[in-house]
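Remarks on the structure that follows.
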Amino acid sequence: MIGVLVGLLCATTWASASVMMKELSKKLDPFTLNAVRALAGGVSMLLLALVTGKATGYQALTPERLFFLFSSVLIGGGIGDTLYISSLPRIGISRAFPIASTYP
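Okay, structure coming up:
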């Protein structure tokens, strides 16, 4: 039962995030909004890992793995999410959200 509740909470927060980003995009430029969102998410994940005791395994991060990790964050989070946020006021949530949620 807990899995179903967590799944519903995830879907609700995911959908409401787009609505909040659209409203905030009227006040902040897409790059700043994405940076604030990424920073808040990163800090939240780090705190959750520390509180639950799951902050282990970082010694396995070799320089090569760190390169690929940061490249993925830069391309996906930096470029992709910034373009998504900039599309919200242009084409609206009803188009931007489904397009961004389509995976091959």
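Residues in the sequence shown are numbered from -4 upward in steps of one, following our numbering.
Glycine included, each C-beta is placed from N, C-alpha and C at the ideal position.
Quick caveat, the model's predicted, so the values are computed rather than measured.
Legend entry - residue 48 versus residue 86: straight-line alpha-carbon distance, rounded: By one-based count along the sequence shown, residue 48 stands at place 53. By one-based count along the sequence shown, residue 86 stands at place 91. Whole-angstrom Cα-Cα distance: 42 Å.
Inset, instruction - Would you identify the three-state DSSP class for residue 98, choosing helix, strand or coil? - result: As a working note, residue 98 is residue 103 in the sequence shown. Note: residue 98 maps to coil in three-state DSSP.
Legend entry - Where the alpha helix (DSSP H) through residue 67 begins and ends: Here residue 67 refers to the residue found at position 72 of the sequence shown. 58 to 67 is the span of the alpha helix (DSSP H), which, as asked, contains residue 67.
Inset, instruction - Within 10 angstroms of the Cβ of residue 80, are there 16 or more other Cβ atoms? Answer buried if so, exposed if not. - result: Locating residue 80 in the sequence shown gives position 85, counting from the first residue. Label assigned to residue 80: buried.
Legend entry - C-alpha gap between residue 44 and residue 94, whole angstroms: Walking along the sequence shown from the start, residue 44 turns up at place 49. Walking along the sequence shown from the start, residue 94 turns up at place 99. So the alpha carbons of these two residues sit roughly 31 Å apart.
Inset, instruction - Look at the Cβ atom of residue 72, then the Cβ atom of residue 33, and state whether they are nearer than 8 Å. - result: Your numbering for residue 72 matches position 77 in the sequence shown. Your numbering for residue 33 matches position 38 in the sequence shown. A contact, by the Cβ cut-off of 8 Å.
Inset, instruction - Confirm, please, whether the CB-CB distance from residue 17 to residue 88 is below 8 Å. - result: Translated into positions along the sequence shown, residue 88 becomes position 93. Translated into positions along the sequence shown, residue 17 becomes position 22. Their beta carbons are under 8 Å apart, which means residue 88 touches residue 17 by this criterion.
Legend entry - residue 58 burial status per 10 Å Cβ neighbour count (16 or more: buried): The residue you call residue 58 lines up with position 63 of the sequence shown. Answer is exposed; the Cβ neighbour count stays below 16.
Inset, instruction - Take the Cβ of residue 24 as the centre, count every other Cβ of all protein chains shown within 10 Å, and call the residue buried at 16 or more, exposed below. - result: For the purposes of this step, residue 24 is taken as the residue at position 29 of the sequence shown. With fewer than 16 other Cβ atoms within 10 Å, it is exposed.
Inset, instruction - Over the uninterrupted alpha helix (DSSP H) stretch that includes residue 51, give me the two end residues. - result: By 1-based counting over the sequence shown, the position of residue 51 is 56. Here residue 51 belongs to no alpha helix (DSSP H), and DSSP marks it neither H nor E.
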